[in-house]
Structure formats: structure tokens, C-alpha cells
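One line per chain: the protein sequences are A and B, in this order. Note that the numbering used here gives residue 23 to position 23 of the first sequence, counting from 1, and the numbers run on in steps of one. Every position in the second sequence, counted from 1, becomes a number in the numbering used here once 1000 is added. Heads up: the structure comes next, in C-alpha cells.
2 protein chains.
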Amino acid sequence: MTAAEQVTSPHAAEVLRELRAYRAAEEAMRRRTRDSMKMGENDLAALRFLLRAQGQGRVVTPGMLSDHLGMKSASVTVMLDRLTKSGHLTRGAHPTDRRSIAVSATPGSDDEVRATLGEMHRRMMGVASHLDQRGAEIVRRFLLDLATAADEVATA
Amino acid sequence: MTAAEQVTSPHAAEVLRELRAYRAAEEAMRRRTRDSMKMGENDLAALRFLLRAQGQGRVVTPGMLSDHLGMKSASVTVMLDRLTKSGHLTRGAHPTDRRSIAVSATPGSDDEVRATLGEMHRRMMGVASHLDQRGAEIVRRFLLDLATAADEVATA
DNA sequence: CCGCGAACCTAGTCGTTCTAGTTACAAGTG
DNA sequence: CACTTGTAACTAGAACGACTAGGTTCGCGG
């Protein structure tokens, strides 16, 4: 707005506008998914985390979900109750630590999430595949710089 | 994972990984800001919307916030109560429609938000400015395609 | 074998949003 | 001008989700 900001190149503003538009679109998509599954934000994030870990054969405990989602362990317990009652996951015995618990997604939940987020992932992969090697490098660098910028804000 | 997805170029996966990293970083940044201001997500979004509109001399009504944030008007009322009590905004008379209300941010609120999100915006602008014309076009196209993909998922 | 810490759960509270219903005003019609 | 319909915001009350505090069970080191 001020004269000092006029030094920025005109196409930079275009890029940021497009970035905002993408973020809005993705958020709206995520919201539609949550609404159609009648879930909260954390519930869906937990399922995604769970499915990804399961795909790699890793065991997931409530504590890991607590760390990953930034929730207190008590809140995780209630969330697991909720998702268990809705049939999205089950609690089982932990293979090595009898204090702990192994959380696993039900097959139905797996299908449900893959049907929506998997579709999204495929499309995104399609978009990214249209980049040639140089384009990919440019985009990658751009995203990396943005992430660095975000990390540095309000941290110093 | 399956053989069918092996057709995607290897650098595409890299790009998507970077994209996820950026989204996580931005979300974390936003969360830090919200926590430091002790506000909810919508509260902060409302303030940003308000400040941007105010910068353009536009009048903001509760109804506009309701539309923009996807909240019910009743929820907006409560949110305005909250933000008024915390000293971030004031309610005033609407210039033309006496049914309506003009919401405006307090100077203190303006400073507070600019100090954090303005900093973020400057940094993002800096990153985007490092792109040359061709790079900007590539990134812009990429983001536009992603937004289109998100829009089309679960809509058909 | 005993105490300490870790992992999870239970109970109670608070904050945020929603639905339903109300009041005040605007706009169009005879 | 009187009347009807629609719009803007608010009030009341319930639902939902996350947090704090306080158990319970179990692994581990002395």
C-alpha cells in the first residue's frame, strides 16, 4: 500500500494472490470432506496420520497422536472414544508395552478416507507431474523458501 | 503405492512433499499467532478481513463476516461481543441502512495484527519477488491447477 | 521388591458454534 | 399512506470439543 512496498515486482503479488486462492480452495475441500464424514478437524487428521502409519507397518499409540496433533492426552482419549463409537477405529493391545495401546483404523474407515483424500492426492500428483524438471525445481525452491519464512516469523 | 501410480515422475513427489511441509509451517505460524493473541481461528480471520476492508475504505457489516467466514449470524454476534469486550473492535452506526451495523477495528488491534501478519506478508512478498518472470508464471500456473483440482474433488 | 515415572483413562469445566425464535428496519404494492 | 414481505442483527439454550486435575495400570532401575 505504501510507497515502500512498491519495490516488489508486480508478478510477485500475482503469485501470492494465487497462493491465497489455492489455500482457500484446499481448505474448502477439506471442509467438505469433514462435513460429509461428520467429523471435526482433528478427527480427520488423526485418521490420515493413522492410515499413513499403518501403510508403513508402524504401530500408533494415543501418545503419538497427542504429539502429532498437539492435543492433551485426555483429549485424545475422548477423540478415540468418539472414533471408536463411530466405527472408524479400534483399540488393541500394544505388541511390546503393556501400558500402552495400539490404535488401528477399520477397513471401512480406510476406504472412506482413501475415496476422498486419495482422489485429491492423485489429482495433486497429476498437477505436479506436469512440471518439467526445471519447473519442479523452481516450485520446490519457492515452497521451501515460504516454509522457511513461516518458520522464522514470531519465533525470533 | 500401486504399479499404476509409478508413471508419475519422481520429482512430482518431491514437490508435493515440499508443499505439505509449507502448509504445515504456515499452519504452525498461524497457530502461534492465534495463541499469542489468545484468539480463535475465526476471530483472527475476521480481524484480517476487517483490516483489509478498512484499508480500502469499505464498510464491514456482521452479515459480510458471516458470509466470508461461513458462520451463522448468531455466531457472528457472539464473536463480535467477544472481540468488543477484548477491545479489538467497535460497533457503530451503518451510514445508510439503519437495520445494519458498521464494524470497525480499534487502532490497537490494527497494530497488533499488522505486527505479526504484516511481517509474514512482507516475507512472502520477498520470496515471491525472487522469482523471475518465467518462474512466476510456472508457480502461478501450478497453484492455479492445484486450486482447480481441489475445487473439483468431491464436488462432481 | 519397591518406588518413580510413563501411558492412558475419568470427571468436571470452559469456550465456541449451532438451531430456533424475536425485534427493528427497508422495500415494494395497492 | 397502510400493508405485506424480506432482511439484518440479536437472544436463549443446547451440543460439541478441548483443557485441567486426579486416578489406575504397568515398566524399569535401585
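Backbone N, C-alpha and C fix where the C-beta goes; we use that ideal spot for every residue, glycine too.
Within the stretch 25 to 69 of chain A, the alpha helix (DSSP H) runs of at least 4 residues that lie entirely inside it are, in chain order, 41 to 55, 62 to 69. Taking 8 Å as the threshold, the shortest C-beta distance from S75 of chain A to chain B does not fall below it. When Cβ-Cβ separations below 8 Å define contact, V78 of chain A makes no contact with chain B. Shown here, V76 of chain A sits in a helix according to DSSP, grouped into three states. Among the CB atoms of chain B, one or more fall inside 8 Å of the CB of E26 of chain A. Nearest C-alpha to A1154 of chain B among A:R134, A:G135, A:T116, A:M124: A:T116. The beta-carbon of I101 of chain A is placed no less than 8 Å from the nearest beta-carbon of chain B.
Residue-level contact check: Q133 of chain A touches chain B, since one or more beta carbons of chain B fall below 8 Å from its beta carbon. Counting C-beta atoms within 10 angstroms of its own C-beta, D111 of chain A has fewer than 16 neighbours from the protein chains shown and is therefore classed as exposed. Cα atoms of R1122 of chain B and M64 of chain A: separation of roughly 35 Å, rounded to the nearest angstrom. If you check the CB distance, S104 of chain A and Q54 of chain A come in under 8 Å.
Comparing alpha carbon positions, the residue from A:L69, A:V113, A:G70, A:H68 closest to L89 of chain A is A:V113. When 8 Å is used as the limit between beta carbons, S66 of chain A is near no residue of chain B, the shortest such separation being about 16 Å. With respect to chain B, the C-beta atom of E14 of chain A has a partner C-beta closer than 8 Å.
No Cβ-Cβ contact shorter than 8 Å links A1147 of chain B with H11 of chain A. Contact annotation: A1025 of chain B and D151 of chain A have beta-carbon atoms nearer than 8 Å. A straight line joining the alpha-carbon of D1043 of chain B with that of L143 of chain A spans about 27 Å.
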